[in-house]
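>
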Amino acid sequence: MARKVILDVDTGTDDAVAVMLAALHPAIDLVGCTTVNGNIPVQYCTDNTLRVLDHIGRGDIPVYEGLSRPLARLDFPVPRRERDSSGKYHPDALPVPAAVSSKQGVGAVEFLIETFRAATEEIVLVPVGPLTNIAAALALDPGFAKRVPEIVVMGGAHALGNVTPSAEFNIWADPEAAAMVFAAGFEKLTLVPLDATHRALVTKTQCEELEALGTPAGQAAAAFIGHRIVVHDTHQRQDVPHSTPVHDALAVGSVIDPSLIGTRRLHVAVETQGALTVGRTVIDTHFRGGQAPNADVAFDADAARFFELLLRTFAGKA
Ligand code: BDR
Ligand code: CA
């Protein structure tokens, strides 16, 4: 039976691939997408999410707009993270036709609280942007963590950062929210950090295979991933030539097939103070802190099987 999922996104090229994977794979019943300020201001994340769902014929999936700024950092700039190869900011709208469907009248945080309150079946919560909406739900509903049976977070890093030497973007963009999430006592929290997503690189040649599928999802995925490859080649060259991580899609992939990632059960906390380390996920790999583990942390991923999953799903053959 398909697993019910709510995907919290800041769409974004890799979020867009994650949305398509969740919306099209038969093992997932995508209950809704919630959007959050992150890669770009939230209204553009919402618009991009609607565009992508319409483009693949899944405009029936409701989209709820979430919070427009970090929980506590009033002085943080509204992030605009997606850049083109010359370092200029990528246009806000993804290169698929304008949306015909509209966002829901209810906001993301209210939707999350009410949906988990009313749930009679398990719903997996998959946040792949800054954790602002999730922290707000925790603050407003003291029972929220207990009502969420499983949460899979894309964010954080142990051996490498991407926005600072210490930190990964989703956690850095709202560190107080992330700190709340890791301290909340979720029953089953899986963290998919950069350490795993950088093991599941998608190459330019594979992008051509996606393009050759000729399906709306295959062609859109090729455009989004192709753009990421150009940007990574210029600004953050990967070990595999002409390749890119597709972070958020790996998190969704791990819900479909948990064996795509290799995890260790560890304690994770988030640094909110350090001048050089703000937004760092402090992952106690050697049990030095004496705190009980609170997360299954992915350090590895099966790149070949991850790409196969994308290819089959976007071919309509999953
Ligand atoms: C994360 O940051 C965002 O830019 C991506 O969408 C992904 O969720 C990777 O650090
Ligand atoms: Ca994201």
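In my numbering, the protein residues as written are 4 to 321. For each residue, glycine too, the CB sits at the ideal point set by N, CA and C.
1) Give a yes or no on contact between the stretch 249-266 and the stretch 306-317, applying the rule of three or more CB pairs nearer than 8 Å.
2) Just to confirm, does N51 get its C-beta within under 7 Å of one of the non-hydrogen atoms of ligand 1?
3) Closer than 7 Å to a non-hydrogen atom of ligand 2 - does that hold for the CB of G3?
4) If we ignore side chains and look at the alpha-carbon of each, how far apart do V109 and N40 end up?
5) I think A121 touches R54, with their Cβ atoms under 8 Å apart; what is that distance to the nearest whole Å?
6) For the candidate residues L313, V8 and T118, whose alpha-carbon lies nearest to that of E211?
7) Verify whether the separation of the beta carbon atoms of E171 and G158 is less than 8 Å.
8) Could you check the C-alpha separation between A225 and H58 for me, to the nearest Å?
9) Could you give the distance in angstroms between the alpha-carbon of V285 and the alpha-carbon of G132?
10) Is the beta carbon of A220 less than 8 Å from the beta carbon of L27?
11) Counting beta carbon pairs with one atom in the stretch 197-208 and one in the stretch 175-189, are three or more of them shorter than 8 Å?
12) Any idea which residues DSSP pairs C210 with across the strands?
13) Rounded to whole angstroms, what is the Cα-Cα separation between T14 and T193?
Based on what the coordinates show:
1) Under the three-pair Cβ rule at 8 Å, the stretch 249-266 counts as touching the stretch 306-317.
2) Numbered from 1 along the sequence shown, position 48 holds the residue referred to as residue 51. Not under cutoff, so the answer is no.
3) This structure does not reach residue 3, given that the chain is present from 4 up to 321, and the question cannot be answered.
4) Indexing the sequence shown from 1 puts residue 109 at position 106. Indexing the sequence shown from 1 puts residue 40 at position 37. For V109 and N40, the distance between alpha carbons rounds to 17 Å.
5) Counting from 1 along the sequence shown, the entry for residue 121 is found at position 118. Counting from 1 along the sequence shown, the entry for residue 54 is found at position 51. Cβ atoms of A121 and R54 stay farther apart than 8 Å, at about 29 Å.
6) Mapped onto the sequence shown, residue 211 falls at position 208. The residue with the shortest Cα to Cα distance from E211 is L313.
7) For the purposes of this step, residue 171 is taken as residue 168 along the sequence shown, with counting starting at 1. For the purposes of this step, residue 158 is taken as residue 155 along the sequence shown, with counting starting at 1. Contact: yes.
8) Here residue 225 refers to the residue found at position 222 when the sequence shown is read from its first residue. Here residue 58 refers to the residue found at position 55 when the sequence shown is read from its first residue. Their Cα atoms are separated by approximately 14 Å.
9) Here residue 285 corresponds to residue number 282 of the sequence shown, with the count starting at 1. Here residue 132 corresponds to residue number 129 of the sequence shown, with the count starting at 1. Near 18 Å, if we compare the C-alpha coordinates of G132 and V285.
10) The residue you call residue 220 lines up with position 217 of the sequence shown. The residue you call residue 27 lines up with position 24 of the sequence shown. Going by beta carbons, A220 and L27 fall inside the 8 Å limit.
11) With a cut-off of 8 Å, the stretch 197-208 and the stretch 175-189 do not count as touching, because too few Cβ pairs lie within range.
12) What you label residue 210 is simply residue 207 of the sequence shown in a count that begins at 1. According to DSSP, C210 bridges with nothing at all.
13) Position 11 of the sequence shown holds residue 14. Position 190 of the sequence shown holds residue 193. Looking at the two C-alpha atoms, the distance is approximately 21 Å.
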